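Peer 1: Quick one: the structure is below, questions incoming.
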Amino acid sequence: MKQPHITFKWCEFIMILILCQCACSTAFYHSSSQLLWRTSLGSSKNNMDIEKLMSKHDPILLFASRLLPQTVAADASALYAWCRRLDEITDNPNNRNVTQIQDDLDDWQYRFEKLWNGEPVDDMDAALYECVQRQGGALTKDLFHDMLAGMRSDNVACRRIQNMDELELYAYQVAGTVGLMLLPLLEADIEMAREPAIALGKAIQLINILRDATPDAQLFRIYIPKDLMKANSVTEEDVLALRTSTGYRATVKHVADRANDLLSEAEAGRSTLPGLGPLFIQIIIELYREYLDRLEKLEFNNLIKGKSRVRISTSRKLTATARALGTILSEE
Numbered sequence: 006m007k008q009p010h011i012t013f014k015w016c017e018f019i020m021i022l023i024l025c026q027c028a029c030s031t032a033f034y035h036s037s038s039q040l041l042w043r044t045s046l047g048s049s050k051n052n053m054d055i056e057k058l059m060s061k062h063d064p065i066l067l068f069a070s071r072l073l074p075q076t077v078a079a080d081a082s083a084l085y086a087w088c089r090r091l092d093e094i095t096d097n098p099n100n101r102n103v104t105q106i107q108d109d110l111d112d113w114q115y116r117f118e119k120l121w122n123g124e125p126v127d128d129m130d131a132a133l134y135e136c137v138q139r140q141g142g143a144l145t146k147d148l149f150h151d152m153l154a155g156m157r158s159d160n161v162a163c164r165r166i167q168n169m170d171e172l173e174l175y176a177y178q179v180a181g182t183v184g185l186m187l188l189p190l191l192e193a194d195i196e197m198a199r200e201p202a203i204a205l206g207k208a209i210q211l212i213n214i215l216r217d218a219t220p221d222a223q224l225f226r227i228y229i230p231k232d233l234m235k236a237n238s239v240t241e242e243d244v245l246a247l248r249t250s251t252g253y254r255a256t257v258k259h260v261a262d263r264a265n266d267l268l269s270e271a272e273a274g275r276s277t278l279p280g281l282g283p284l285f286i287q288i289i290i291e292l293y294r295e296y297l298d299r300l301e302k303l304e305f306n307n308l309i310k311g312k313s314r315v316r317i318s319t320s321r322k323l324t325a326t327a328r329a330l331g332t333i334l335s336e337e
């Protein structure tokens, strides 16, 4: 069953953040002998398997990982491989049967429990086990369980959300968890950075949901909370038929306003990251603000017949990046 906005784009984005952040930090704090270009993540079988996975799906990440110290690259890549393979279970276009996906998720849960107990099923699971051991308790089991719970909640024929609390829980499960997984690799103060990381993940997922409302509706999925729809006299039939109204636009605005508040929370906490982390976080924030600005220009009508999703242009992305850089430089 196709998951149109499942959060792996967010996962890839934050993986690029960790790779760039670590590379920059390494460049500042390590000698040139420690920065020698590597032709691989390492010679072990698990690293070679992850390389093949990254080469197939995300070669730019494989390229960037070779700039990192070997242990950092191995840990970031192990987390990537686990998230990527979980995503493939739910996002496989050849696997559209709810029961089969549930069985596959059950198997993935079983594999994770074995991995956590030191009995990895394959080499890529072994890489994650080694990553967890190296982090010395900073990577907690509940983060992986929470992500799996979010994926399970999506595995239904007609996805619905009851209220904003449920929507934010889902956003945390499938996006906030990714940021928390990566905080140890960023060498951040986890206690200080935890809430901003969660806020950023939730904001990105809420905006992805608003951006992808049309393809979601085409798959009989409505992530706009039912209680908000009811309060604004919006029916499920309206959404599935891509019929907009004043009430529907008010509902979308409500979710967009919450996403904007979460972006502001993340922005206020960006200084909890070391090195160039604040800059990369600000770039992400400004890019997603562009989506909110685009929605506002559309008068919060994200049900657009004949179009797949709300988009922003390359020029707007470049403007957002420049704005982020200006914001950080002005605070120096």
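With my numbering applied, the sequence shown corresponds to residues 6 to 337, in that order.
Glycine included, C-beta positions come from ideal geometry on N, C-alpha and C.
Note that the structure is a prediction, hence the values are computed from the model and not measured.
Quick test of the definition: if touching needs 3 or more C-beta pairs under 8 Å, does the stretch 275–285 touch the stretch 214–223?
Peer 2: Not touching, per the Cβ criterion.
Peer 1: Within 10 Å of its beta-carbon, does residue 124 have 16 or more other beta-carbons around it, so buried, or fewer, so exposed?
Peer 2: Per the 10 Å Cβ criterion, exposed.
Peer 1: Have a look at residue 83 and residue 209 and give me their C-alpha separation to the nearest angstrom.
Peer 2: Taking the straight line joining both Cα atoms gives about 23 Å.
Peer 1: What is the rounded straight-line gap between the Cα of residue 118 and the Cα of residue 194?
Peer 2: Answer to the nearest angstrom: the Cα atoms are 27 Å apart.
Peer 1: Give the straight-line distance between the Cα atoms of residue 242 and residue 228, rounded to the nearest whole angstrom.
Peer 2: Looking at the two C-alpha atoms, the distance is approximately 14 Å.
Peer 1: Counting along the chain, where does the alpha helix (DSSP H) carrying residue 270 start and finish?
Peer 2: Element bounds for residue 270: 251–273.
Peer 1: Check this for me: beta carbons of residue 181 and residue 203, under 8 Å apart or not?
Peer 2: Cβ atoms of residue 181 and residue 203: closer than 8 Å.
Peer 1: Hey, how far is the Cα of residue 302 from the Cα of residue 248?
Peer 2: Distance between the alpha carbons of residue 302 and residue 248: 18 Å.
Peer 1: Taking the runs of the alpha helix (DSSP H) that are 4 residues or longer, which of them lie wholly in the stretch 264–325?
Peer 2: Complete alpha helix (DSSP H) runs here, min 4: 282–302.
Peer 1: Between which residues of its own chain and residue 212 is the CB-CB distance below 6 Å, once the five residues before and five after are set aside?
Peer 2: Closer than 6 Å at the Cβ level, and outside the excluded window around residue 212, lie 264, 293, 296.
Peer 1: Pick helix, strand or coil for residue 164, following the three-state DSSP scheme.
Peer 2: In the structure shown, residue 164 sits in coil (DSSP, three-state: anything other than H, G, I, E or B).
Peer 1: Buried or exposed, going by whether 16 or more other CB atoms sit within 10 Å of the CB of residue 266?
Peer 2: It counts as exposed.
Peer 1: Just checking my contact of residue 288 with residue 326 at CB under 8 Å: how many whole Å lie between their CB atoms?
Peer 2: That pair is a contact at about 5 Å.
Peer 1: Starting from residue 213, trace the alpha helix (DSSP H) in both directions and tell me its first and last residue.
Peer 2: Residue 213 -> alpha helix (DSSP H) spans 195–216.
Peer 1: Take residue 254 as the anchor and find which of 177, 153, 269, 235 has the nearest alpha-carbon.
Peer 2: Comparing Cα positions, the closest option is 235.
Peer 1: Sort out for me which residues DSSP pairs residue 227 with in a bridge.
Peer 2: Partner(s): 165.
Peer 1: Leaving out five residues on either side along the sequence, give the residues of the same chain with a beta carbon under 6 Å from the beta carbon of residue 230.
Peer 2: Closer than 6 Å at the Cβ level, and outside the excluded window around residue 230, lie 166, 168, 169, 172.
Peer 1: One question on the structure: do residue 307 and residue 239 come within less than 8 Å of each other, judged by their Cβ atoms?
Peer 2: No, the Cβ-Cβ distance between residue 307 and residue 239 is not below 8 Å.
Peer 1: Mind checking whether residue 222 and residue 245 have CB atoms under 8 Å apart?
Peer 2: A contact, by the Cβ cut-off of 8 Å.
Peer 1: What is the rounded straight-line gap between the Cα of residue 177 and the Cα of residue 109?
Peer 2: C-alpha separation (whole angstroms): 22 Å.
Peer 1: Measure the alpha-carbon distance for residue 298 versus residue 224 and round it to whole angstroms.
Peer 2: Residue 298 and residue 224: Cα-Cα distance of roughly 26 Å.
Peer 1: Put residue 52 into one of helix, strand or coil per three-state DSSP.
Peer 2: Helix.
Peer 1: Leaving out five residues before and five after residue 291 in sequence, what residues of the same chain have Cβ atoms less than 6 Å from its Cβ?
Peer 2: So the list reads 325, 328, 329, once near-sequence residues are dropped.
Peer 1: Roughly how far, in whole angstroms, is the beta-carbon of residue 95 from the beta-carbon of residue 156, given that I think they are within contact range, below 8 Å?
Peer 2: 5 Å between Cβ atoms; contact.
Peer 1: In chain order, what residues of the same chain lie with their CB nearer than 7 Å to the CB of residue 48, ignoring the 5 residues before and after it?
Peer 2: Residue confidence for residue 48 is low, a pLDDT of 44 falling below 50, so the modelled location carries little weight; the figure read from the coordinates is stated next. No residues qualify anywhere along the chain.
Peer 1: Quick check on DSSP: helix, strand or coil for residue 329?
Peer 2: Three-state result, residue 329: helix.
Peer 1: Just curious, the alpha helix (DSSP H) that residue 4 is in, first and last residue?
Peer 2: The chain is shown only over 6 to 337; residue 4 falls outside these bounds and no answer can be derived.
Peer 1: Is it buried or exposed, residue 183, if we count other Cβ atoms within 10 angstroms and call 16 or more buried?
Peer 2: The residue is buried, with at least 16 neighbouring Cβ atoms inside 10 Å.
Peer 1: Rounded to the nearest angstrom, what separates residue 133 and residue 188 at their Cα positions?
Peer 2: Their Cα atoms are separated by approximately 16 Å.
Peer 1: So residue 113 and residue 91 are supposed to be a Cβ contact under 8 Å. How far apart are they, rounded?
Peer 2: 6 Å between Cβ atoms; contact.
Peer 1: How long is the line joining the alpha carbons of residue 79 and residue 237, rounded to whole angstroms?
Peer 2: Straight-line Cα distance between these residues: approximately 49 Å.
Peer 1: I'd like the span of the alpha helix (DSSP H) that includes residue 187, first residue to last.
Peer 2: That run of the alpha helix (DSSP H) goes 182–187.
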